[in-house]
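Visitor: The following block contains the structure, expressed as structure tokens.
Protein chains: 2
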Amino acid sequence: MGMTLDPLADRAVYKQLSDIVGAAIESGEYQPGTLIPSESMLMARHGVARNTVRLAMGVLRDQGLVVTRHGRGTFVRGGEHDEDHDQPSTSRSRTANSSGLPA
Amino acid sequence: MGMTLDPLADRAVYKQLSDIVGAAIESGEYQPGTLIPSESMLMARHGVARNTVRLAMGVLRDQGLVVTRHGRGTFVRGGEHDEDHDQPSTSRSRTANSSGLPA
DNA sequence: CGCCATTTGTACGTATGTATG
DNA sequence: TCATACATACGTACAAATGGC
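Listed in order, the protein sequences are those of chains E and H.
Each residue of the first sequence is one higher than the one before, counting from 9 in the numbering used here.
Each residue of the second sequence is one higher than the one before, counting from 9 in the numbering used here.
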């Protein structure tokens, strides 16, 4: 279960990380509407800098797989029950599948 | 024309910078298909870190205003003559107005 | 209410790699 | 070969939001 990062690989580490977390999401390991590990957690677990983690999260965000909230964390998309409280504008004018997962 | 950045403002510096450059693009100061100032230039001109410049460029990229090419620079979108040489996949599955400018 | 821990946001610095011309 | 420009990755620090107490 612990896909490891390879700094020597052709693929950038942050992309490898986004692949890993993204796969974990699609595999159901991280359920829709729930929080994925915090940046600190991911840093510790994978031995990378925060920057790298944030870049990876950025990829997942662009893919519409997750949504990040200041002070709260990063949630797996698709929690239609909406653990949202208010928020001025949830959508971000992205291609992003507002329904949640792509397939 | 020299809109200055205000580190004390409510709006994040990188967002202020994206506003400035974005406005310069829409005002025609930076013509479609041409290069905008390099990261080094923007750093020097505005007195900010490279990271900040890159964040600003990221905003413009998300807005579909510019396109960045490794080793080349960041171009104002709308150069339909296509200064492209080959490239595996130009689009990035973004909302991005493939035609160029939003309006 | 204030206090505090956690978490993301912003901004800086440095180094090295890769692409282009 | 070389200079320029962007890409990746590490580090630090402080701000702001959140939520439990």
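For every residue, glycine included, the Cβ atom is placed at its ideal position computed from N, Cα and C.
Thinking C-beta only, is Gly72 of chain E closer than 8 Å to Arg85 of chain E?
Guide: In this structure, Gly72 of chain E lies closer than 8 Å to Arg85 of chain E by Cβ.
Visitor: In whole angstroms, give me the CA-to-CA distance for Phe83 of chain E and Arg19 of chain H.
Guide: Roughly 25 Å between the two C-alpha positions.
Visitor: Counting along the chain, where does the alpha helix (DSSP H) carrying Arg77 of chain E start and finish?
Guide: Unbroken run through Arg77 of chain E is the beta strand (DSSP E), 74-77; no alpha helix (DSSP H).
Visitor: How would you call Gln24 of chain H, buried or exposed, if buried means at least 16 neighbouring beta carbons within 10 angstroms?
Guide: So Gln24 of chain H ends up on the buried side.
Visitor: Under the three-state reduction of DSSP, which class applies to Val56 of chain E: helix, strand or coil?
Guide: Here Val56 of chain E sits in coil by DSSP.
Visitor: In terms of residues, what are the limits of the alpha helix (DSSP H) holding Gly30 of chain E?
Guide: Run containing Gly30 of chain E: 21-34, per the alpha helix (DSSP H) assignment.
Visitor: Would you list the residues sitting across from Gly81 of chain E in a DSSP beta bridge?
Guide: Bridge partners of Gly81 of chain E: E:Arg77.
Visitor: Here's a check: name, in chain order, each residue in its chain whose Cβ is nearer than 7 Å to the Cβ of Leu68 of chain H, leaving out the five neighbours to either side.
Guide: Answer for Leu68 of chain H: Ser26, Val29, Gly30, Val74, listed in chain order.
Visitor: Quick one: using the 10 Å Cβ neighbour count with 16 as the cut-off for buried, is His54 of chain H buried or exposed?
Guide: Burial call: buried.
Visitor: Can you name, in chain order, every residue of its own chain whose Cβ lies under 6 Å from the Cβ of Ile33 of chain H, other than the five neighbours on each side?
Guide: Closer than 6 Å at the Cβ level, and outside the excluded window around Ile33 of chain H, lie Leu73, Val84.
Visitor: When burial is assigned at 16 or more other CB atoms within 10 Å of the CB, is Met49 of chain H buried or exposed?
Guide: When all chains shown are included, Met49 of chain H counts as exposed.
Visitor: Nearest by alpha-carbon distance to Thr12 of chain E: which of E:Arg77, E:Met51, E:Arg62, E:Asp70 is it?
Guide: Of E:Arg77, E:Met51, E:Arg62, E:Asp70, the residue nearest in Cα terms is E:Met51.
Visitor: Going by other Cβ atoms of all chains shown within 10 Å of its Cβ, with 16 needed for buried, is Asp90 of chain H buried or exposed?
Guide: Note that Asp90 of chain H has pLDDT 49, beneath the 50 cutoff, so the model's placement of it is unreliable and the number below is only indicative. Exposed, since its Cβ has fewer than 16 Cβ neighbours within 10 Å.
Visitor: Go ahead and pull the three-state DSSP assignment for Asp18 of chain E.
Guide: Three-state result, Asp18 of chain E: coil.
Visitor: Taking only three categories from DSSP, how would you classify Leu13 of chain H?
Guide: Three-state result, Leu13 of chain H: coil.
Visitor: Expressed to the nearest angstrom, what Euclidean distance is found between the alpha-carbon atoms of Glu148 of chain E and Leu63 of chain E?
Guide: Residue 148 of chain E lies beyond the range of chain E shown here (9 to 111); nothing can be said about it.
Visitor: Quick one: measure Cβ to Cβ for Leu22 of chain E and Thr60 of chain E, integer angstroms, because I've assumed they're closer than 8 Å.
Guide: The residue you asked about is not Leu; residue 22 of chain E is Tyr in the sequence shown. That belief holds up - the Cβ atoms of Tyr22 of chain E and Thr60 of chain E are roughly 5 Å apart, short of 8 Å.
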